[in-house]
Each structure stands twice: as structure tokens, then as C-alpha cells.
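Here the structure comes first, spelled out in C-alpha cells, and everything after it is commentary.
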Amino acid sequence: LHAAKKNQENFTSRHWQSLKAADLTARWIGADHREAMTEIIDASCGYVPQLTLLKGISIAEEYYPEFHLRPMRDIDLLVPVESLAPMATLLHGLGYRQTSDAPHRAYDSHHHVMPFFHDERQVWIELHHRLISAKNHASHGRVFQPSHVSSQIKACMFQGRSVHRLSPELQVVYLAVHWAQDFKEVGGMIAALDLIFLLQKIGDSLRWENIFDWIDQSTALTYLHLLLSYLESRRLISLPDGILQRFYLGQPVFGNLTLKTIHKIVDQYMLDGASFGSLLSRRTLNIAWETLTLPIPSVCKLLV
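Residues 1 to 304, numbered by the numbering used here, are exactly what the sequence shown covers, in order.
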């Protein structure tokens with residue numbers, strides 16, 4: 001609707017009312033998440049020293065044209081390890097309960113605790129103490145070590161309230177690494193949109209040299225190159241001269257054939273929503289994605 005309302009001829013389409021309904025639903029859900037977030041910020045003031053917004057709840061307000069245009073399944077928050085217990089108590093006091101199909105012990109080595117759910121608001125909260133899971137190939141890089149993450153957390157505002165966000169540079173790396181860790185046929189393009197809007201807003205002020213310094217010769221560089229190369233090849237972003245070439249030369253994982261194969265998977269199954277078949281099932285494609293994105297040279301992938 002955001003795009004279609006600019007052309008009055010669209011108003012006579014038989015899909016117009018459905019589109020308006022979808023937009024209204026998105027606004028309603030977005031308002032629920034925004035109100036839940038402001039309630040949590042107000043309750044945590046003076047109680048949790050560093051509440052950091054992650055993913056959708058951070059990006060929607062900071063970079064998207066309108067808050068509701070960024071769909072989100074939950075609210076992701078990062079807090080220091082020592083604040084996990086006080087924050088859990090705070091959320092319980094606001095009416096949230098911890099619930100999951102997985103047992104509590106499954107979260108002992110996870111990067112967030114068991115999720116919280118509010119029955120009345122229908123809002124999920126994920127409380128993180130690290131940015132990414134130890135299972136992610138990029139987790140051991142310097143860029144995601146707690147000391148470095150802390151140095152890239154900046155004070156900012158959300159709905160007139162003091163909070164924290166990741167620096168734009170760390171946000172770029174985080175988006176790409178989170179996106180590339182597994183194949184997502186539903187929602188797989190959200191990270192791409194996040195990066196498009198971030199780069200549009202930040203423009204030439206993004207400190208690419210900092211990013212190269214943090215992730216040189218690492219898996220995070222490989223994943224960021226994958227997402228950036230896709231977006232630029234489809235003319236969805238425009239990078240400064242030499243940036244993409246530098247990414248390509250700095251990683252040994254993707255040759256041109258591997259990149260083109262992954263780009264085609266993104267086109268066909270994330271963007272176009274192609275159906276899975278008996279030969280290429282959801283499981284088979286997930287294995288192919290994991291193999292193609294493994295942090296090993298392209299020639300070795302032919303043997304996997």
C-alpha cells in the first residue's frame with residue numbers, strides 16, 4: 001500500500017481493499033510491539049543499566065520509512081549477563097511468561113534465554129546476552145566478542161526514551177551473519193530490506209574501514225560479501241567504488257560459480273517463493289545452502 005497509493009488507478013483494483021486490510025493489520029501489530037517496547041523501557045529505567053534494541057524493533061524506527069513496514073515476530077533485546085535475572089523478574093512483573101517447546105536446559109549454551117510471551121498483547125520477547133549463537137561459524141570472530149560488542153553500543157532514543165543500539169557498522173555485519181546462517185524461504189528477504197534501508201539512510205558516512213578491520217579474513221566477511229554481492233548484482237544498492245572487490249578478495253569461500261548459485265537460490269525461493277519438489281525438497285535445499293555457505297574453499301564444496 002505504501003507504494004501503490006501513489007497511483008490513483010490502483011484504487012479500482014479488486015485487490016485494493018485486501019491491500020488496505022493488510023496495511024491496517026501491519027500497523028496494528030507494529031503498534032502492539034511499539035507499545036510493549038515503551039512499557040519495558042519505562043519499567044527498566046534505573047533497573048537495567050544497558051538495554052540494547054536489536055533487529056526489527058531497532059531498525060524499524062531508525063531506518064524504515066514507517067515503523068509498521070518492518071515485519072517482526074518478536075522483540076529482541078540485548079542486556080549484560082548480570083542483568084538477565086533482574087530483566088526476567090521485570091518481564092514477569094509486566095505479565096510475560098517464559099515458554100518454549102524446548103526444555104530450559106536447551107538454552108544453557110544458547111545466546112538468549114527461553115523466550116517470554118504476553119498472552120494479552122500477543123508479543124514475544126527474546127532476551128539476548130550475546131549477539132549470535134556459538135553454533136554460527138562467525139561466532140568466534142573478534143567482531144562478536146563481548147568486549148567489542150560493548151564498544152559498539154551507542155546511546156540513542158526510542159519514542160522519546162533513552163535506550164541503546166548497535167553502531168551502524170556492527171549492525172551491517174550482524175544483519176548479514178544472522179541472515180546467512182541458515183536458509184529461510186519465509187522472511188529471508190527481511191534482512192536484505194533492512195540492509196537496503198540502512199545503507200540508504202547512512203550513505204557515505206558508513207565507516208567501511210572499521211568493518212574491514214573487524215572482520216578481515218573471517219567468516220563474517222564471507223557472509224557480508226554474500227549479501228552485499230546479491231543486493232548490488234540486482235541493483236538494489238550502490239556501494240562505493242572498490243568495496244565489493246575488496247570483500248571478494250578478502251574471502252576464500254565464494255568463487256563466481258558458488259556466488260551465482262546462491263544468488264539464484266535467493267531469487268527463486270526467497271524472492272519468488274517457488275514451490276519445493278520431490279527432488280529439491282525443503283530439507284535438500286537447506287543442506288545445499290549450508291554446504292554452499294560453509295567457510296571452506298569453493299573447490300572443496302564439490303566434494304561435500
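C-beta atoms are modelled at their ideal positions from N, C-alpha and C, and glycine is treated no differently.
Taking all protein chains shown into account, decide if residue i is buried (16 or more other Cβ within 10 angstroms of its Cβ) or exposed.
| i | result |
| --- | --- |
| Y47 | exposed |
| R70 | buried |
| A134 | exposed |
| F158 | buried |
| V186 | exposed |
| Q181 | buried |
| Q171 | buried |
| I287 | exposed |
| T89 | exposed |
| D119 | exposed |
| K55 | buried |
| T293 | buried |
| L303 | Summary for L303: the model assigns pLDDT 45, below 50, so the residue's position carries little reliability; its value from the coordinates is reported in the next sentence. The residue in question, L303, is exposed, as its Cβ has fewer than 16 Cβ neighbours within 10 Å. |
Among the options, which residue has its Cα nearest to the Cα of residue i?
| i | options | result |
| --- | --- | --- |
| G188 | H263, R97 and Y63 | H263 |
| A155 | E39, Q50, R14 and T261 | Q50 |
| S167 | G160, V143, D182 and E185 | V143 |
| A22 | V172, R14, L1 and I59 | L1 |
| Q251 | Y223, R234 and E232 | Y223 |
| W289 | S278, G277 and T261 | T261 |
| E35 | C45, S18, I57 and K20 | I57 |
| P146 | D32, T293, V79 and P65 | V79 |
| D42 | A4, L236 and S162 | S162 |
| T291 | L259, S278, D267 and Q268 | L259 |
Would you mind stating whether residue i and residue j have Cβ atoms separated by less than 8 Å?
| i | j | result |
| --- | --- | --- |
| T52 | R165 | yes |
| S132 | V173 | Note that residue 132 is Ile in the sequence shown, not Ser. For I132 and V173, no; Cβs fall outside 8 Å. |
| E95 | H68 | Residue 95 is actually Gly in this sequence, not Glu. For G95 and H68, no; Cβs fall outside 8 Å. |
| L228 | L244 | yes |
| S44 | M87 | yes |
| Y63 | F197 | yes |
State the beta-bridge partners of residue i as determined by DSSP.
| i | result |
| --- | --- |
| L54 | D76 |
| E126 | D76 |
| L166 | I153 |
| Y96 | H118 |
| H112 | H128 |
| F158 | R161 |
Exercise. Tell me, please, whether the region 71-85 touches the region 119-139 by the rule of three or more beta-carbon pairs shorter than 8 Å.
Key: yes
Quiz item: Would you say the region 206-213 touches the region 236-251, given that touching needs at least three Cβ pairs under 8 Å?
Solution: yes
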